[in-house]
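Novice:
Residue numbers (this note's numbering): 689 to 808.
1. Does the beta-carbon distance from residue 724 to residue 750 come in below 7 angstroms?
2. In this structure, how does DSSP classify residue 714 when only helix, strand and coil are distinguished?
3. The alpha helix (DSSP H) with residue 738 in it runs from where to where?
4. What is the DSSP secondary structure of residue 758, reduced to helix, strand or coil?
5. Please report the distance separating the alpha-carbon of residue 791 from that of residue 808.
6. So what does DSSP say about residue 720, is it helix, strand or coil?
7. Return the chain-ordered list of same chain residues with a C-beta closer than 8 angstroms to the C-beta of residue 720, the five sequence neighbours on each side being excluded.
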């Protein structure tokens with residue numbers, strides 16, 4: 689039982705390290721400073737996106753990322769966000785494997801966003 693716990697903790701540590709290397713967490717102020725010069729991607733599902741999203745964001749849901757990652761240029765900065773930060777972190781790890789190097793995510797996700805939004 690202790691061995692399983694040790695393995696799980698080691699796995700969690702490795703994942704956290706990989707995530708830290710893959711994506712830069714940005715405060716809202718840092719995010720606002722750079723997202724206009726970057727590819728701004730909302731990885732939430734379409735219903736969430738339609739209910740409200742950061743002005744200028746493109747919706748590529750995490751559930752479609754494997755099919756649509758070629759819509760994202762690996763040579764340009766990528767700014768990602770989801771509702772809380774979990775899906776955008778996974779998306780960043782996937783995009784890192786596909787050759788993207790300048791990956792950033794909104795710390796705390798859209799639920800913490802107080803900037804301009806657009807909804808349908």
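Glycine is no exception: its CB is placed at the ideal position from the N, C-alpha and C atoms.
Since we're looking at a predicted model, the values are computed, not measured.
Specialist: Straight from the coordinates:
1. No, Cβ-Cβ distance for residue 724 and residue 750 is not below 7 angstroms.
2. In the structure shown, residue 714 sits in a strand (DSSP, three-state: E or B).
3. Counting along the chain, residue 738 sits inside the alpha helix (DSSP H) bounded by residues 734-739.
4. Taken through DSSP and simplified to helix, strand or coil, residue 758 comes out as helix.
5. When rounded, the distance between both Cα atoms is 27 angstroms.
6. It is helical.
7. Closer than 8 angstroms at the Cβ level, and outside the excluded window around residue 720, lie 803.
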